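Residues 0 to 224 in numbering that gives the first Met the number 0 are what the sequence shown spells out, letter by letter.
By construction, the Cβ of each residue, glycine as well, lies at the ideal position given by its N, Cα and C atoms.
Keep in mind it's a predicted model, so treat the numbers as computed, not measured.
Data first, discussion second: the structure below is written as C-alpha cells.
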Amino acid sequence: MGDAGRVLQSPRRTLTGRRLPHRLIQLYAGLALYGISMALIIRSALGNMPWDVLHQGLAGRLGWSLGTVTIVVGALVLLGWIPLRQRPGVGTVSNVVVIGVAVDAALAVVPAPSSLALRVGLLAAGVLLNAVATAAYIGVHLGPGPRDGLMTGLVRRTGGSVRLVRTSIEVAVVATGWLLGGTLGIGTVVYAVAIGPLVQVLLPRLSLSPASTPTRTAVAPLPPG
Numbered sequence: 000m001g002d003a004g005r006v007l008q009s010p011r012r013t014l015t016g017r018r019l020p021h022r023l024i025q026l027y028a029g030l031a032l033y034g035i036s037m038a039l040i041i042r043s044a045l046g047n048m049p050w051d052v053l054h055q056g057l058a059g060r061l062g063w064s065l066g067t068v069t070i071v072v073g074a075l076v077l078l079g080w081i082p083l084r085q086r087p088g089v090g091t092v093s094n095v096v097v098i099g100v101a102v103d104a105a106l107a108v109v110p111a112p113s114s115l116a117l118r119v120g121l122l123a124a125g126v127l128l129n130a131v132a133t134a135a136y137i138g139v140h141l142g143p144g145p146r147d148g149l150m151t152g153l154v155r156r157t158g159g160s161v162r163l164v165r166t167s168i169e170v171a172v173v174a175t176g177w178l179l180g181g182t183l184g185i186g187t188v189v190y191a192v193a194i195g196p197l198v199q200v201l202l203p204r205l206s207l208s209p210a211s212t213p214t215r216t217a218v219a220p221l222p223p224g
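Have a look at this one:
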C-alpha cells in the first residue's frame, strides 16, 4: 500500500540463508504494522496516505471494506507488472494480502476520536509507525510492494525519472480518490513530507540480508503508497 521516490532494489530476494526465519518474522510483522498505521491515519480524519485516498473513495462507492479494496487494488497493480516484466517476491504477494487484512482488523478496534488533539496524536503515531513498518518489510529484501514495483517498472521502461514517474502516479491516484470521496488533507501532506526522511533513518537499522550480518545501505526507499 501504501507511499516512495527511490526504492531499494536488492538481488537478495531469496528464501535461503541462516537469517530466513528472522527475515520472515520481520516481513510479516512489518506488513501487519503497516496495516495498523494505515488505520491510525484514517481514523485521524486529517488526510490519508496517497493510495489510501483512492482506497477509501472506492470503498465508499463500492460498499466494500477498506481492506478488501486495498487487496483488490494491490492485486490489479500486481497484474500491471506483467507487461513491465517485473518479478514479484514472497514479500510482494504477502504485501497484497496481509496489509488489507491488518487494516480491517485495526479499523474494527480503533475508534474515531472527536477531539482534535487525539486526532493529531493518531496522525503522528500513524506516520511514525508507518515508517517503522516500511523499513521493516523492505529491509528483509523479499520483494517490493506492488505499487513500488509498478513505479520502478515504469521508470525502467519509459526512461523517466523516479521523481516524475512517482509524482505522476500519486497525483493521479490522489485526484481520482478525492473525486470518489476519499479524505485528502493536511495529513496527506505531513505523510508525504515526513515519511522519506524517517525511512531513510530507520532502514539501515532494520535491513537484513540472507547472510549472518545486517545489510546496511546508504540509499533509502520512499515508502509504498
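For the options 127, 77, 65 and 122, the alpha carbon positioned closest to that of residue 98 is the one of 65. When the beta-carbon positions are compared, residue 36 and residue 138 stay at least 8 Å from each other. DSSP, reduced to helix, strand and coil, places residue 135 within a helical segment of the structure shown. Residue 52 places its beta carbon 8 Å or farther from that of residue 77. In the three-state reduction of the DSSP assignment, residue 73 falls in the helix class.
The three-state reading of DSSP puts residue 143 in coil, since its state is none of H, G, I, E or B.
For residue 91 against residue 144, the beta-carbon gap comes to about 7 Å, under 8 Å, which counts as contact.
The count of Cβ pairs closer than 8 Å, one atom from the segment 175-182 and one from the segment 99-114, stays below three, leaving the stretches out of contact.
A buried status is given to residue 49, since no fewer than 16 other beta-carbon atoms sit within 10 Å of its beta-carbon.
The C-alpha of residue 45 is placed about 19 Å away from the C-alpha of residue 103. Taking 8 Å as the cut-off, the beta carbon of residue 39 is found no closer than this to the beta carbon of residue 176. Contact between the segment 148-165 and the segment 18-32 is absent, with fewer than three C-beta pairs closer than 8 Å.
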